[in-house]
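Asks: Attaching a single structure in C-alpha cells format; questions to follow.
In this note's numbering, the protein residues as written are 2 to 243.
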C-alpha cells in the first residue's frame, strides 16, 4: 500500500481504479414505480493515474447470487448515469413473473474498469478488505405514463434532468410547455452568480423543447439551471466534469 490509500496499488504494469466512490440514486431501500424511464446515478471515479474509466450498471437478485441485467452507462460507459427505458425494465419485471401492481426486490451496484485490469465493484474498505456495496431497490410494475395528450401536446409544465449528466463539454436541457408561455432559462453557479442565459424571455409554443448548453469555457463543478415559464418555476442541478 502506498501513501496509506487502500483504494489502489501499483504493479509494474497497472493501477487499479478507485472503487470507494458512492452510489447516489435511487437511494438504498428506495421504492421506484416503473411507469417511465429510470436513471440511476453514482459518483465519478478514476484510476490512480487519472485515466478515464468506464462503468457498468448491474442489477442483481436480492441475495446478489443472480445477475438480472448488466448495462454500460450512458455515452458508451463514460457517464455516471444509465438510462433504463421503461420497456427494458418492464420487460425484465415481466420475465420475473411480476404483474402490474406487484413488486420485485432487487439490489444494484456499479462495476468500473480502466481497461487494463479486471473490473472492480464499488466497495467499502475496512480491516484491510474491500466489501462490495449493494443498494436495495424495490421495483413496482405499473402502466407507462405519458406527459402528452392524444395530439402530442404536453399535459403539464416540466423541466427534465439534463442529458448527459455529468457532462463535458455540452449537454441537452429538455422542458415541456402545455401552453404558449414566455420562457427564461438561466444557468447559475453554486454561489448564485448568473453564468449563462439560454432563453431570455422568449414566447414559445406549447410543445416539448430542447436547448443545448455548451460549457467549454467553464470550470468543472456543480451548476444550477432554472426555468421560468409563466407561473411555472423549476430548478435542477447538473455536473460538469473536465
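All C-beta atoms, glycine included, are put in the ideal place defined by N, C-alpha and C.
Give me the Cβ distance between residue 205 and residue 134, rounded to the nearest whole Å; I'm assuming they're in contact under 8 Å.
Replies: No, residue 205 and residue 134 are not in contact; Cβ-Cβ is about 43 Å, not under 8 Å.
Asks: Would you call the region 83–98 and the region 120–129 in contact, with 3 or more CB pairs under 8 Å?
Replies: Verdict: no, contact absent.
Asks: Measuring straight from C-alpha to C-alpha, what distance separates residue 42 and residue 165?
Replies: Their backbone Cα atoms lie some 11 Å apart in a straight line.
Asks: If residue 140 sits next to residue 94, beta carbons under 8 Å apart, how far is it from one beta carbon to the other, in whole angstroms?
Replies: Going by Cβ atoms, the distance from residue 140 to residue 94 rounds to 6 Å, so yes, they are a contact pair.
Asks: When the Cα of residue 199 is compared with those of 191, 212, 208, 190, which residue comes out closest?
Replies: Nearest option by C-alpha distance: 212.
Asks: For the beta strand (DSSP E) that contains residue 231, what are its first and last residues?
Replies: Per DSSP, residue 231 belongs to no beta strand (DSSP E) and is neither H nor E.
Asks: Quick check on this structure: which residue in 172, 107, 115 has the alpha carbon closest to the alpha carbon of residue 137?
Replies: For residue 137, the nearest C-alpha among the options comes from 107.
Asks: Beta-carbon separation of residue 159 and residue 235 under 9 Å?
Replies: Cβ atoms of residue 159 and residue 235: closer than 9 Å.
Asks: Can the beta-carbon of residue 155 be found less than 9 Å from the beta-carbon of residue 177?
Replies: Yes, Cβ-Cβ distance for residue 155 and residue 177 is below 9 Å.
Asks: Can you look up residue 202 in the DSSP assignment and give me helix, strand or coil?
Replies: In this structure, residue 202 counts as strand in the three-state DSSP scheme.
Asks: Would you say residue 62 touches the ligand GTP, meaning its beta carbon is less than 8 Å from a heavy atom?
Replies: Judged by which ligands are present, the structure shown has none, so any question about the ligand GTP falls away.
Asks: Quick one, are the C-beta atoms of residue 226 and residue 190 less than 9 Å apart?
Replies: No, the Cβ-Cβ distance between residue 226 and residue 190 is not below 9 Å.
Asks: Give the DSSP-derived three-state secondary structure of residue 224 in the structure shown.
Replies: DSSP places residue 224 in strand when its eight states are reduced to three.
Asks: Can you tell me the Cβ-Cβ gap for residue 272 and residue 22, rounded? I've got them flagged as a contact below 8 Å.
Replies: Absent from the structure is residue 272, since the part of the chain shown begins at 2 and ends at 243.
Asks: What residue range is occupied by the uninterrupted beta strand (DSSP E) comprising residue 190?
Replies: Residues 182–190.
Asks: What did DSSP end up calling residue 90 once you bin it into helix, strand or coil?
Replies: Residue 90: helix per DSSP, three-state reduction.
Asks: Out of 172, 64, 39, 80, which has the shortest C-alpha to C-alpha gap to residue 53?
Replies: Checking every option, the nearest Cα to that of residue 53 belongs to 80.
Asks: Would you mind sorting residue 83 into buried or exposed? The rule is 16 or more other CB atoms within 10 Å of its CB.
Replies: With 16 or more Cβ atoms within 10 Å of its Cβ, residue 83 is classed as buried.
Asks: Please confirm whether residue 131 and residue 171 have their CB atoms less than 9 Å apart.
Replies: In this structure, residue 171 does not lie closer than 9 Å to residue 131 by Cβ.
Asks: Would you decide whether residue 86 is buried or exposed? Buried here means 16 or more other CB atoms lie within 10 Å of its CB.
Replies: Label assigned to residue 86: exposed.
Asks: Mapping DSSP to helix, strand and coil, what is residue 218?
Replies: Here residue 218 sits in coil by DSSP.
Asks: Under 8 Å by Cβ, that's how I've got residue 71 and residue 101 pegged, so tell me the actual separation to the nearest angstrom.
Replies: With a Cβ gap of about 26 Å, residue 71 and residue 101 do not count as contacting.
Asks: Here's the rule: buried if 16 or more other CB atoms are within 10 angstroms of the residue's CB, otherwise exposed. What is residue 31?
Replies: Answer is exposed; the Cβ neighbour count stays below 16.
Asks: Given a threshold of 16 other Cβ atoms within 10 Å of its Cβ, counted over all protein chains shown, does residue 8 qualify as buried or as exposed?
Replies: Because residue 8 carries a pLDDT of 43, less than 50, the predicted location of this residue cannot be relied on, and no value is offered for it.
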